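Note that UniProt numbering has the sequence shown beginning at 1, numbered continuously upward. All C-beta atoms, glycine included, are put in the ideal place defined by N, C-alpha and C. These figures come from a predicted structure and were not determined experimentally. A short write-up of the structure that comes next.
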Amino acid sequence: MVDNEVFASFVFYSTLLILKMYIIAIITGKLRLSRKAFCNPEDAMRHGGIQYHREDPDVERNRRAHRNDMENIFPFLFLGAVYSMTEPTLLIARIHFQIFFLGRIIHTVAYLCALKAPTRSLAYTIAQLPCFSMLVQILLAVASNW
């Protein structure tokens, strides 16, 4: 399917990250139903009445985890795709993708399970390192072609 092994590795880890985001969305939906905490009045009315148009701390925690994924995974998708075009070595590229992936998994677990600080912050920071590295390498590759 994909001849470029670096890009294939990027696609693999990116797909797993998107799957993780879908799973968080499903968990959030299930929490909304079980806690009867709906953000839209029409949903509350469908599930028991306007009194269920309310916030729930666990639902909100899941929503924040999902929002944080969007703020971080979407830039990774761009950076990883462009980085793959700079012809990095396969091993180094995979290390970048794996560190980001594992950092985001740990971040999500820390967020959803309310693990003791600074677990979530460390996971976030570690996951940003390969993004910053890819960003610098992209800029250097582009600048060297001018």
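Cβ separation of residue i and residue j, assumed to be a contact under 8 Å, to the nearest whole Å
i         : j           : result
residue 9 : residue 120 : Actually they do not touch by this definition, with Cβ atoms about 26 Å apart.
As assigned by DSSP and simplified to three states, the class of residue i
i          : result
residue 53 : strand
Span of the alpha helix (DSSP H), counted from its first residue to its last, around residue i
i           : result
residue 42  : 41-46
residue 119 : 119-144
residue 108 : 90-112
residue 5   : 5-35
CA-to-CA distance, residue j to residue i, given in whole angstroms
i           : j           : result
residue 88  : residue 109 : 30 Å
residue 156 : residue 51  : Shown here, the chain extends from 1 to 146; a query on residue 156 therefore has no answer.
residue 114 : residue 145 : 46 Å
residue 66  : residue 133 : 24 Å
residue 83  : residue 29  : 35 Å
residue 61  : residue 31  : 11 Å
residue 4   : residue 106 : 28 Å
residue 21  : residue 142 : 31 Å
residue 111 : residue 138 : 31 Å
residue 6   : residue 130 : 15 Å
residue 35  : residue 41  : 15 Å
residue 12  : residue 27  : 23 Å
residue 54  : residue 38  : 6 Å
residue 91  : residue 56  : 44 Å
Cβ-based burial, residue i [other Cβ within 10 Å; buried from 16]
i           : result
residue 23  : exposed
residue 73  : buried
residue 162 : Residue 162 lies beyond the range of the chain shown here (1 to 146); nothing can be said about it.
residue 46  : exposed
residue 33  : exposed
residue 117 : exposed
residue 104 : buried
residue 78  : exposed
residue 17  : buried
residue 2   : exposed
C-beta neighbour in chain D for residue i, strict 8 Å
i           : result
residue 103 : Among the chains of the structure shown, chain D does not appear; only one protein chain is present.
The ligand MG heavy atom lying under 7 Å from the CB of residue i
i           : result
residue 128 : The model on display carries no ligand, and the ligand MG is accordingly not part of it.
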